[in-house]
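Here the structure comes first, spelled out in structure tokens, and everything after it is commentary.
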Amino acid sequence: MARTLMAKIWDALEERFEFAEALEKQFSQTVPSHATTWPYCLGGLAFFAFVIQVASGILLLFYYKPTVAEAYRSIDFIMKEVPYGWFVRSLHSLGANLFIALIILHMVRVFVTGSYKKPREFHWVSGVIMFLLALAFGFTGYLLPWDQVSYWATTVGTEITRSLPPQSLGHFILVFLRGGEQVSGDTLTRFFAMHVWFLPVLMLIFMALHFLMIRKTGISGPL
Amino acid sequence: MDSLKEFISRRRFFNLLASLGGLATLIVVTYPLLSFLRPPKRSSEKTSYVEVGSVTDILPEKGKNVIAADGEPVIIANRGSPNGFVALSLRCTHLGCIVQLVGNELFCPCHGARFNLDGQVISGPAPLPLPKYELKILGDKIYLGSVIKGS
Numbered sequence: 142m143a144r145t146l147m148a149k150i151w152d153a154l155e156e157r158f159e160f161a162e163a164l165e166k167q168f169s170q171t172v173p174s175h176a177t178t179w180p181y182c183l184g185g186l187a188f189f190a191f192v193i194q195v196a197s198g199i200l201l202l203f204y205y206k207p208t209v210a211e212a213y214r215s216i217d218f219i220m221k222e223v224p225y226g227w228f229v230r231s232l233h234s235l236g237a238n239l240f241i242a243l244i245i246l247h248m249v250r251v252f253v254t255g256s257y258k259k260p261r262e263f264h265w266v267s268g269v270i271m272f273l274l275a276l277a278f279g280f281t282g283y284l285l286p287w288d289q290v291s292y293w294a295t296t297v298g299t300e301i302t303r304s305l306p307p308q309s310l311g312h313f314i315l316v317f318l319r320g321g322e323q324v325s326g327d328t329l330t331r332f333f334a335m336h337v338w339f340l341p342v343l344m345l346i347f348m349a350l351h352f353l354m355i356r357k358t359g360i361s362g363p364l
Numbered sequence: 007m008d009s010l011k012e013f014i015s016r017r018r019f020f021n022l023l024a025s026l027g028g029l030a031t032l033i034v035v036t037y038p039l040l041s042f043l044r045p046p047k048r049s050s051e052k053t054s055y056v057e058v059g060s061v062t063d064i065l066p067e068k069g070k071n072v073i074a075a076d077g078e079p080v081i082i083a084n085r086g087s088p089n090g091f092v093a094l095s096l097r098c099t100h101l102g103c104i105v106q107l108v109g110n111e112l113f114c115p116c117h118g119a120r121f122n123l124d125g126q127v128i129s130g131p132a133p134l135p136l137p138k139y140e141l142k143i144l145g146d147k148i149y150l151g152s153v154i155k156g157s
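Residue numbers (my numbering), protein chains in the order written: chain L, 142 to 364; chain D, 7 to 157.
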């Protein structure tokens with residue numbers, strides 16, 4: 142019964158949109174034999190790590206509160222009282238390291254095999270942008286526990302922008318990042334917004350471009 | 007061997023095995039996920055009271071030192087009517103020494119902070135009043151709860 146209902150819906154969708162052929166084409170691509178080795182999996186693994194970050198990050202949003210009074214307390218609550226909260230948060234903070242490590246390894250593979258050369262220069266450029274986005278993810282996420290380490294890391298990290306010449310520009314960026322002269326609750330909400338909305342949306346856009354481009358050009362040939 | 011093949015084909019056997027694995031994975035993921043999402047009880051809502059003595063034990067202007075459930079030393083002090091009993095942390099809010107009942111004041115031997123039996127600072131270097139604990143009296147028994155946040 143359930144099976145026939147599913148089949149009916151499937152047939153109706155197919156009749157209207159004719160997507161079966163397109164799906165077949167997408168999922169039956171053969172991987173060239175020179176690319177069926179671990180180093181060629183690193184990009185896909187980095188994407189998988191990102192999926193883990195998104196999933197665990199969404200779960201953390203159920204309990205995290207981005208305010209000066211509640212940030213640390215809510216994370217303490219996640220770690221000590223929410224069932225499996227320690228697991229979800231550890232997965233998120235350790236997975237962040239894994240994500241960056243996999244991106245770097247993927248870059249090394251692409252560099253060593255010379256895959257960044259024409260016609261794939263834009264793949265490399267979008268990849269470097271995503272690497273910088275991943276670092277921005279790490280930097281903004283580091284503030285969110287609102288403990289001494291994150292407070293001072295953010296103070297030192299944002300202070301660097303002050304030395305950017307000309308002085309007025311450096312100062313403008315500093316104030317823009319901190320939401321004021323000092324690292325405060327305004328910085329926390331700013332970093333939170335960047336961490337959970339601004340950066341993920343940018344990252345997804347660049348990932349889509351990255352994947353579409355590699356589909357169009359195909360991967361580079363054997364060495 | 008042939009009878010086994012008739013019973014279940016190789017393909018069907020491995021399909022079944024894979025589905026079992028898939029089902030196990032689904033359970034292993036779903037259970038923690040649901041327990042994570044279910045609204046957990048906050049420990050502040052889970053106050054449990056412990057019997058610490060009876061009202062006849064503690065005379066007016068006297069107190070009884072006990073250890074609260076969170077491990078902190080607490081005094082159950084009798085301020086006499088009408089205020090009655092109060093539970094105060096004995097940890098000085100200045101540098102954490104243990105205060106003691108002297109007369110009807112709590113005195114810190116380290117730097118001379120003095121508190122009244124409401125926990126308020128009378129004199130000395132203490133920046134904040136002593137934290138209060140939840141206290142219940144049922145019959146003539148006294149029950150101690152947990153620290154009152156923000157006190």
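The beta-carbon is built from N, C-alpha and C at its ideal position, and this holds for glycine as well.
In this model, D/Pro79 and D/Lys138 are separated by some 12 Å (Cα to Cα). Under the three-state reduction of DSSP output, L/Pro306 falls in the coil class, being neither helix nor strand. DSSP places L/Arg261 in the coil class of the three-state scheme, outside both helix and strand. Excluding its 5 nearest sequence neighbours in each direction, D/Gly109 has C-beta neighbours in its own chain below 8 Å: Glu67, listed in chain order. At a beta-carbon threshold of 8 Å, the residues of chain D lying near L/Pro224 are Pro38, Ser41, Phe42, Arg44, Pro46, ordered along the chain.
Within its own chain, the residues whose Cβ lies closer than 7 Å to the Cβ of L/Leu186, once the five positions on either side in sequence are excluded, are Leu243, listed in chain order. In chain order, Tyr257 place their CB closer than 6 Å to the CB of L/Trp265, counting only its own chain and leaving out the 5 sequence neighbours on each side. For D/Cys116 and D/Pro135, the gap between their C-alpha atoms comes out near 16 Å. Within the stretch 227 to 242 of chain L, Phe228, Val229 place their CB atoms closer than 9 Å to a CB of chain D, listed in sequence order. Counting every other CB atom within 10 Å of its CB across the protein chains shown gives D/Ala74 a total of 16 or more, marking it as buried.
Around L/Leu200, the beta-carbon contacts reaching into chain D at under 9 Å are Leu39, Phe42, Leu43. Within chain D, the C-beta atoms nearer than 7 Å to that of L/Phe203 come from Leu43, in chain order.
Your pair D/Asp124 and D/Val92 checks out as a contact, with CB atoms roughly 7 Å apart and the cut at 8 Å.
According to DSSP, D/Tyr149 shares a beta bridge with D/Glu57, D/Lys142. Note on geometry: alpha-carbon atoms of L/Phe347 and L/Ile241 lie some 16 Å from one another. Contact check between the stretch 246 to 261 of chain L and the stretch 352 to 361 of chain L: three or more CB pairs, one atom from each, fall below 8 Å, which counts as touching. Within a 10 Å sphere around the beta-carbon of D/Phe13 sit fewer than 16 other beta-carbons, which makes this residue exposed. In chain order, Ile82, Phe91, Val92, Ala93, Ile148, Tyr149, Leu150, Gly151 place their CB closer than 8 Å to the CB of D/Leu141, counting only its own chain and leaving out the 5 sequence neighbours on each side.
Of the candidates L/Val249, L/Gly320, L/Ala196, the residue whose Cα lies closest to the Cα of L/Tyr181 is L/Val249.
Rounded to the nearest whole angstrom, the CA to CA distance from L/Asp327 to L/Leu318 is 10 Å. Its chain contains Ser267 as the residues whose beta carbon lies nearer than 6 Å to that of L/Leu350, once the 5 sequence neighbours on both sides are disregarded; these appear in chain order. D/Leu65 and L/Ala210 have their C-alpha atoms some 41 Å from each other.
With a contact defined as Cβ atoms closer than 8 Å, L/Ala212 and L/Gly279 miss out at about 17 Å. With respect to the C-alpha of L/Phe188, the residue from L/Ile216, L/Lys166, L/Met344 having the closest C-alpha is L/Met344.
With respect to the 8 Å criterion, D/Ser41 and L/Pro224 are classified as neighbours on the basis of their beta carbons. In the same chain as L/Leu200, and ignoring 5 residues on each side of it, the C-beta atoms closer than 6 Å to its own belong to Val229, in chain order.
If you look at D/Leu107, you'll find it in the beta strand (DSSP E) that goes 106 to 108. The shortest C-alpha to C-alpha distance from L/Leu246 to any of L/Val269, L/Ala334, L/Tyr292 is the one to L/Val269. Rounded to whole angstroms, D/Gly130 and D/Lys155 show a C-alpha spacing of 23 Å. Check the Cα spacing between L/Val324 and each of L/Tyr292, L/Glu162, L/Leu183, L/Met354: the tightest is with L/Tyr292.
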